[in-house]
Amino acid sequence: MKPLFVAGCQRSGTTAFTDYLNQHPEVLVCRERYKYVPTEVTVKHLTFDRILDYREGETNVPREYHVELLESKDPARLRWIGDKNPGYFRHYESLQEYNPGARFIVLYRPVEEVAESFEARARDAGDLWPGHLNFEKGVQRWNLALERTRDFIENGAGSRTLVVGY
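For the sequence shown, position 25 matches number 29 in this note's numbering, and the numbering has no gaps at all.
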């Protein structure tokens, strides 16, 4: 199996895209399985046993989500296994270093749509989204994600990176 990582600015469609990818029988992409320890992800973290071995401080995604995902997959058929985390754009280099042969799919969504989504969630009192992550923060995060992705691609990762518009 080859490692596959899905990244992109928050609110750019990474979750929906990962759900689409997981419809394919040869692909398994976790949902923010290593959200709080992205620099530590190596190929040894991408096994069924390790994915289900939840450890304190790794993620806030319920274990049940990954149990269901793995139950829907036949390990013998998998060609790609990885994780989705919008924040992986900050860690492309370490993910590439610790996961030889890794491929990256980066979601791109227009800045105004990302910023409007940040603002809508920030204004929604019933949403757990932090209120300070508003329109302005959305623009800042979008710029940072785009800059880091461009640098990664221009520094030799272009053949291992697919940018998908949302």
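Ideal placement from N, C-alpha and C gives every residue a C-beta, glycine not left out. All figures in this text were calculated on a predicted structure; none of them were measured in a lab.
Helix, strand or coil for Arg-35 per DSSP? Your numbering for residue 35 matches position 31 in the sequence shown. Strand at Arg-35.
For Glu-36 and Lys-88, which I take to be in contact (beta-carbon distance under 8 Å), what is that distance rounded to the nearest angstrom? Mapped onto the sequence shown, residue 36 falls at position 32. Mapped onto the sequence shown, residue 88 falls at position 84. Confirmed, Cβ separation roughly 6 Å.
Given a cut-off of 8 Å, decide if Arg-113 and Tyr-24 are closer than it, judged by their beta-carbon atoms. For the purposes of this step, residue 24 is taken as residue 20 along the sequence shown, with counting starting at 1. For the purposes of this step, residue 113 is taken as residue 109 along the sequence shown, with counting starting at 1. The answer is no: Cβ separation not under 8 Å.
Considering Asp-155, what are the terminal residues of the alpha helix (DSSP H) in which it resides? Start at 1 with the first residue of the sequence shown, and residue 155 comes out as number 151. Run containing Asp-155: 139-156, per the alpha helix (DSSP H) assignment.
Does the separation of the CB atoms of Leu-56 and Leu-74 fall below 8 Å? Stepping through the sequence shown from its first residue, residue 56 is reached at position 52. Stepping through the sequence shown from its first residue, residue 74 is reached at position 70. Yes, the pair counts as a contact, with Cβ atoms nearer than the cut-off.
Under a Cβ-count criterion, where at least 16 other Cβ atoms within 10 Å of its own Cβ denotes burial, should Tyr-96 be classed as buried or exposed? In the sequence shown, residue 96 corresponds to position 92, counting from 1. The residue in question, Tyr-96, is buried, as its Cβ has 16 or more Cβ neighbours within 10 Å.
Taking Pro-90 and Cys-13 to be in contact with their CB atoms under 8 Å, please state how far apart those CB atoms are, rounded to whole angstroms. For the purposes of this step, residue 90 is taken as residue 86 along the sequence shown, with counting starting at 1. For the purposes of this step, residue 13 is taken as residue 9 along the sequence shown, with counting starting at 1. Indeed they touch by this definition, with Cβ atoms about 6 Å apart.
What is the DSSP secondary structure of Tyr-112, reduced to helix, strand or coil? Here residue 112 is taken as the residue at index 108 of the sequence shown, counted from 1. Strand at Tyr-112.
Are Phe-9 and Ala-106 touching if we call contact CB-CB under 8 Å? The residue you call residue 9 lines up with position 5 of the sequence shown. The residue you call residue 106 lines up with position 102 of the sequence shown. Going by C-beta atoms, Phe-9 is nearer than 8 Å to Ala-106.
Quick one: is Gly-17 buried, meaning 16 or more other Cβ sit within 10 Å of its Cβ, or exposed? Against the sequence shown, residue 17 aligns to sequence position 13. Gly-17 should be labelled buried.
With DSSP collapsed to three states, give me the class of Ala-11. Position 7 of the sequence shown, counted from the first residue, corresponds to residue 11. Note: Ala-11 maps to strand in three-state DSSP.
Thinking Asn-138 and Glu-123 are a contact (beta carbons under 8 Å), I'd like their distance in whole angstroms, please. Stepping through the sequence shown from its first residue, residue 138 is reached at position 134. Stepping through the sequence shown from its first residue, residue 123 is reached at position 119. Right, their Cβ atoms sit about 5 Å apart.
With a Cβ-Cβ cutoff of 8 Å, do Arg-81 and Met-5 count as a contact? Indexing the sequence shown from 1 puts residue 81 at position 77. Indexing the sequence shown from 1 puts residue 5 at position 1. For Arg-81 and Met-5, no; Cβs fall outside 8 Å.
Apart from the five residues just before and just after Arg-67, which ones in its own chain have a Cβ nearer than 8 Å to its Cβ? For this step, residue 67 is matched to residue 63 along the sequence shown. Counting only Cβ-Cβ distances below 8 Å, and skipping sequence neighbours, we find Leu-56, Tyr-58.
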